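A.B. asks: Here the sequence shown is numbered in this note's numbering, starting from 11 and rising by one per residue.
The C-beta atom is built at its ideal place from N, Cα and C for all residues, glycine as well.
Note that the structure is a prediction, hence the values are computed from the model and not measured.
Before I ask anything, here is the structure I am working with.
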Amino acid sequence: MTSRISPTALVATGLSVRGVRGGAPVGLTSDVDIEVPAGEAVAIVGESGSGKSLTARALLSLLPRGLASSGTIRIGDRDVSLLDDAERRRLRGSELAFVMQDPFTMLNPLERCGSQVTAALRGPDGRRLRKAAARDEAVRRLAEVGIADPAVADRYPFELSGGMRQRVAIAAAIAENPAVLIADEPTTALDVTTQKEILDLLERLSRSHRMGLVLITHDLRVAFSVCTRIYVMYAGEIVEAGRPVDVRNRPRHPYTAGLLRTEPPLDRRVHRLARIPGAVPAPGARPAGCRFAPRCGWAEADCHDHHPALTVLHLDHQVRCRRADELTEQLRPSRTDEPPEPAVACAASDRALIRTRALRRTYGPRVAVAGADIEVHAGESVGLVGESGSGKTTLARMLVGLTRPSSGSVEVGGVDLASRHLSSADWAVVRSTAQMAFQDPYSTLNPHRTIGAALRDGLRLVGAEDIHRRTDELLERVGLSGDHARRMPAQLSGGERQRVAIARALARSPRVLVCDEIVSALDVSVQAHILNLLRDLQVRLGLSLVFITHDLAVARQVTDRIYVLKDGEIVEQGATGDVLDHPRHPYTQRLVASVPSPRPDPGTELERGKPA
């Protein structure tokens, strides 16, 4: 690996993680080399199961019981691999810090935020700071991460928004001024504007503290927007590494090219999203040759027989592919100039399947939804977009009868859910008109019952005959085999569980499927599968969709019209392309501007600065 001008904060060489399965040793990750310059950010990207988070935990010496690591880890001039367990524990916080995807897992819900930020700090005498001094220091540290309100130091985590909690978690993580901060999917659950704020914050802190940043993410846009080097992992090993501009514009590994092609574009709607067939092989079931070969459209016989080494191509661009030089042009990202798909035309006189008028929901003095007017017609896809707390989910829950309106009307299949006197027949109409699929399917499935049992419950409610056959049909409809009926939720991947959630919603043959952030936590390749599935179901079943999302690129691919919500109000609406291409409201303009964009190529910037 070539030397860098910046001093190195962390270097990992030959980092491997192994465990035991069925009494036999099994390798989980192998020979991972990572270099993190001080004051810069690097990203580790890849699908779930590729080994990203396991590598992060190995760097932190936080592997689960039963797993062991080997290789060399250096922080500055210090060889961490030579330290004992007690010394490694002392390094966490002081030299190595960690931020997780969900700050609730890092913050004590029973302790005030300020005291958690300063918990590890000590005064000149080695003792904990006195109460007044600790609060003053907490306020200062919170201000550094963009929380200007001193009262936040006295609040509990549950009193804060997701973005605020993540800022508190970052403040606590860097309190001891560590050399390296490892952030594992820190923005996955955040809306686009909060995501940008957190990414800008991490980048600023990295530079100002001369702190190395390791960003674990499956979001390529996020990686390209803040990092100076990208490591692409697949099945436990690095398959490509290089500068963002090289990895983005000139990918040399088929897996990297596949990830780039599955990313939904923001500037246009494509007929069908590209996808990577198959799945990441599990440890112990990995091919002897190239681990990506079974999923690769360019694999040859030698690819299946021989495991390739990670080789340097040029300018510190590394790749693990024996055909890298042959496939340069084939792997180069290509922009497909497809004709725009026509939007679904709905005449104003058509009877809407769902119609709201002045729909309002309040919780005491707080207004969650303020006078929303929306319509959903047969066969169309309607998007609800906006930041967290904008009212999207509350509005969606009122559309299916899970939340009662405070005022206004919401007609579903002609039944006004705002009425105080709904009969069982009314509810039957509502349930057969609209069903909902939720963001986290695991929390809505009973972990002690099989997938088949969950689907059969829905079929019984509609009096379906030959339930076992209908269960298999539902699974096949969402691209799963009948064998999945005998599995438990924990035996399925995230994408498979989301397909099951959609199948369960379809058990009552609804005319409208309400999807609440159903792809927000999925890898881009799995996300492409789900979005393509929804498009197929719309065509085959004549479904209408209400799609709630904070990802504007996803909204572009799925929806015909969108409503933009801010603080419970609809501030802009119209055809999706018109709203995203020519946003008129300042809030919509801010949403579009917040979508992560690639860092400028430093080489290009230098070229611009040359004298003529």
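Is it buried or exposed, residue 108, if we count other Cβ atoms within 10 angstroms and call 16 or more buried?
C.D. replies: Against the sequence shown, residue 108 aligns to sequence position 98. Residue 108 comes out buried.
A.B. asks: Exposed or buried, residue 355, counting other C-beta atoms within 10 Å across all chains shown (16 or more means buried)?
C.D. replies: In the sequence shown, counting from the first residue as 1, residue 355 sits at position 345. Legend: pLDDT at residue 355 = 47, less than 50; position of this residue unreliable, value from coordinates given subsequently. Residue 355 comes out exposed.
A.B. asks: Could you name the residues of the same chain whose beta carbon sits closer than 8 Å to that of residue 594, not counting the 5 residues immediately before and after it, in chain order?
C.D. replies: In the sequence shown, the residue the question calls residue 594 occupies position 584. Result list for residue 594: 582, in chain order.
A.B. asks: Starting from the Cα of residue 520, find the closest Cα among 503, 150, 602 and 553 and give me that residue.
C.D. replies: Walking along the sequence shown from the start, residue 520 turns up at place 510. It is 553.
A.B. asks: Leaving out five residues before and five after residue 470 in sequence, what residues of the same chain have Cβ atoms less than 6 Å from its Cβ?
C.D. replies: For the purposes of this step, residue 470 is identified with residue 460 of the sequence shown, where counting begins at 1. Cβ neighbours of residue 470 beyond the five flanking positions: none.
A.B. asks: Go ahead and pull the three-state DSSP assignment for residue 372.
C.D. replies: If you number the sequence shown from 1, residue 372 lands on position 362. Residue 372: strand per DSSP, three-state reduction.
A.B. asks: Buried or exposed for residue 359, please, with buried defined as at least 16 other CB atoms from any protein chain shown within 10 angstroms of its CB.
C.D. replies: Taking the sequence shown and counting its residues from 1, the one referred to as residue 359 is at position 349. With a pLDDT of 43 at residue 359, under the threshold of 50, the predicted position of this residue should be treated as unreliable, and no value is reported.
A.B. asks: How far does the alpha helix (DSSP H) with residue 581 in it extend, from its first residue to its last?
C.D. replies: Here the question's residue 581 lines up with position 571 in the sequence shown. Careful: residue 581 lies outside any alpha helix (DSSP H), inside the beta strand (DSSP E) at 579 to 585.
A.B. asks: Among all the DSSP beta bridges, which residues are the ones paired with residue 138?
C.D. replies: Residue numbering aside, residue 138 sits at position 128 when the sequence shown is read from its first letter. Partner(s): 132.
A.B. asks: Could you give the first and the last residue of the continuous beta strand (DSSP E) run that contains residue 327?
C.D. replies: As a working note, residue 327 is residue 317 in the sequence shown. Its beta strand (DSSP E) spans residues 327 to 329.
A.B. asks: Under the three-state reduction of DSSP, which class applies to residue 28: helix, strand or coil?
C.D. replies: Translated into the one-based positions of the sequence shown, residue 28 becomes position 18. Strand at residue 28.
A.B. asks: Can you tell me whether DSSP reads residue 445 as helix, strand or coil?
C.D. replies: Taking the first residue of the sequence shown as position 1, residue 445 is located at position 435. Strand, per DSSP.
A.B. asks: Per DSSP, residue 367 forms a beta bridge with which residues?
C.D. replies: Reading the sequence shown from its first residue, position 357 is the one you call residue 367. Partner(s): 419.
A.B. asks: With a threshold of 8 Å between beta-carbons, can residue 238 be considered close to chain B, or not?
C.D. replies: Of the chains in the structure shown, none is chain B; there is only one protein chain.
A.B. asks: Along the alpha helix (DSSP H) that carries residue 178, what are the first and last residues, could you check?
C.D. replies: As a working note, residue 178 is residue 168 in the sequence shown. Taken as a continuous stretch (DSSP letters only), the alpha helix (DSSP H) holding residue 178 covers 172 to 183.
A.B. asks: Given that a residue counts as buried once 16 or more other Cβ atoms are within 10 Å of its Cβ, and exposed if not, what is residue 50?
C.D. replies: Here residue 50 is taken as the residue at index 40 of the sequence shown, counted from 1. By the neighbour-count rule (16 or more Cβ atoms within 10 Å), residue 50 is buried.
A.B. asks: Based on Cα-Cα distance, which residue from 496, 23 and 485 lies nearest to residue 43?
C.D. replies: Here residue 43 refers to the residue found at position 33 of the sequence shown. Out of 496, 23 and 485, 23 has the C-alpha closest to the C-alpha of residue 43.
A.B. asks: Go ahead and pull the three-state DSSP assignment for residue 559.
C.D. replies: Position 549 of the sequence shown, counting from 1, holds the residue named residue 559. Strand, per DSSP.
A.B. asks: Taking the alpha carbon of residue 571 as the reference point, which residue from 578, 562, 579 and 577 has its own alpha carbon closest?
C.D. replies: To locate residue 571, count along the sequence shown from 1; it is residue 561. Selected option, being the one with the closest Cα: 562.
A.B. asks: Quick check on residue 168: buried or exposed, where buried means 16 or more other Cβ atoms within 10 Å of its Cβ?
C.D. replies: By 1-based counting over the sequence shown, the position of residue 168 is 158. Exposed, by the Cβ-count rule.
A.B. asks: So for residue 498, helix, strand or coil by DSSP?
C.D. replies: The residue given as residue 498 occupies position 488 in the sequence shown. Three-state DSSP puts residue 498 in coil, outside helix and strand.
A.B. asks: For residue 543, collect the residues of the same chain with a Cβ closer than 8 Å to its Cβ; drop the 5 residues on either side in sequence, then sort them by chain order.
C.D. replies: Here residue 543 refers to the residue found at position 533 when the sequence shown is read from its first residue. These residues qualify, in order along the chain: 488, 489, 509 and 512.
A.B. asks: With contact counted as at least three CB pairs below 8 Å, one residue from each stretch, are the region 129 to 147 and the region 228 to 242 in contact?
C.D. replies: Taking 8 Å as the limit for Cβ pairs, the verdict is that the region 228 to 242 does not touch the region 129 to 147.
A.B. asks: Contact defined as beta carbons within less than 8 Å: I believe residue 363 pairs with residue 524. What is the distance between those atoms, to the nearest angstrom?
C.D. replies: The count along the sequence shown starts at 1 and reaches residue 363 at position 353. The count along the sequence shown starts at 1 and reaches residue 524 at position 514. At roughly 11 Å, the Cβ-Cβ gap does not stay under 8 Å, so residue 363 and residue 524 are not in contact.
A.B. asks: Residue 202 and residue 605: beta carbons closer than 8 Å?
C.D. replies: Reading the sequence shown from its first residue, position 192 is the one you call residue 202. Reading the sequence shown from its first residue, position 595 is the one you call residue 605. Cβ distance < 8 Å, so residue 202 and residue 605 count as in contact.
A.B. asks: Would you please state the rounded distance, in angstroms, between the beta carbons of residue 578 and residue 294? I believe it to be under 8 Å.
C.D. replies: Within the sequence shown, numbered from 1, the residue matching residue 578 stands at position 568. Within the sequence shown, numbered from 1, the residue matching residue 294 stands at position 284. So it is not a contact: roughly 50 Å between Cβ atoms.
A.B. asks: My understanding is that residue 228 touches residue 55, with C-beta atoms under 8 Å, so please give their C-beta distance in whole angstroms.
C.D. replies: Within the sequence shown, residue 228 is the residue found at index 218, counting from 1. Within the sequence shown, residue 55 is the residue found at index 45, counting from 1. With a Cβ gap of about 6 Å, residue 228 and residue 55 count as contacting.
A.B. asks: Using the three-state DSSP reduction, which class does residue 264 fall into: helix, strand or coil?
C.D. replies: Residue 264 sits at position 254 when you count from the first residue of the sequence shown. Reduced to three states, the DSSP call for residue 264 is helix.
A.B. asks: Could you have a look at residue 552 and say whether DSSP puts it in helix, strand or coil?
C.D. replies: As a working mapping, residue 552 is identified with position 542 in the sequence shown. Reduced to three states, the DSSP call for residue 552 is coil.
A.B. asks: Indicate whether the contact test is met: 3 or more Cβ pairs, each with one atom in the region 259 to 270 and one in the region 297 to 311, closer than 8 Å.
C.D. replies: At 8 Å Cβ cutoff, the stretches touch.
A.B. asks: At the level of alpha carbons, what is the spacing between residue 27 and residue 321?
C.D. replies: Here residue 27 is taken as the residue at index 17 of the sequence shown, counted from 1. Here residue 321 is taken as the residue at index 311 of the sequence shown, counted from 1. Going by the C-alpha atoms only, they are around 22 Å apart.
A.B. asks: How far does the alpha helix (DSSP H) with residue 408 in it reach, from first residue to last?
C.D. replies: The residue you call residue 408 lines up with position 398 of the sequence shown. Where residue 408 is concerned, the enclosing alpha helix (DSSP H) stretches over 402 to 409.
A.B. asks: Keeping to the same chain, check which residues put their C-beta closer than 7 Å to that of residue 133; ignore five residues upstream and five downstream.
C.D. replies: Residue mapping note: residue 133 aligns to position 123 of the sequence shown, counting from 1. Cβ within range, chain order: 139.
A.B. asks: Identify the continuous beta strand (DSSP E) that holds residue 39 and give its terminal residues.
C.D. replies: Here residue 39 refers to the residue found at position 29 when the sequence shown is read from its first residue. Where residue 39 is concerned, the enclosing beta strand (DSSP E) stretches over 34 to 47.
A.B. asks: Is there contact between the region 184 to 198 and the region 403 to 411, where contact requires at least three CB pairs shorter than 8 Å?
C.D. replies: Touching, no, given that fewer than three Cβ pairs across the two stretches are closer than 8 Å.
A.B. asks: Which of helix, strand or coil does DSSP assign to residue 217?
C.D. replies: In the sequence shown, counting from the first residue as 1, residue 217 sits at position 207. If DSSP states are grouped into helix, strand and coil, residue 217 belongs with the helices.
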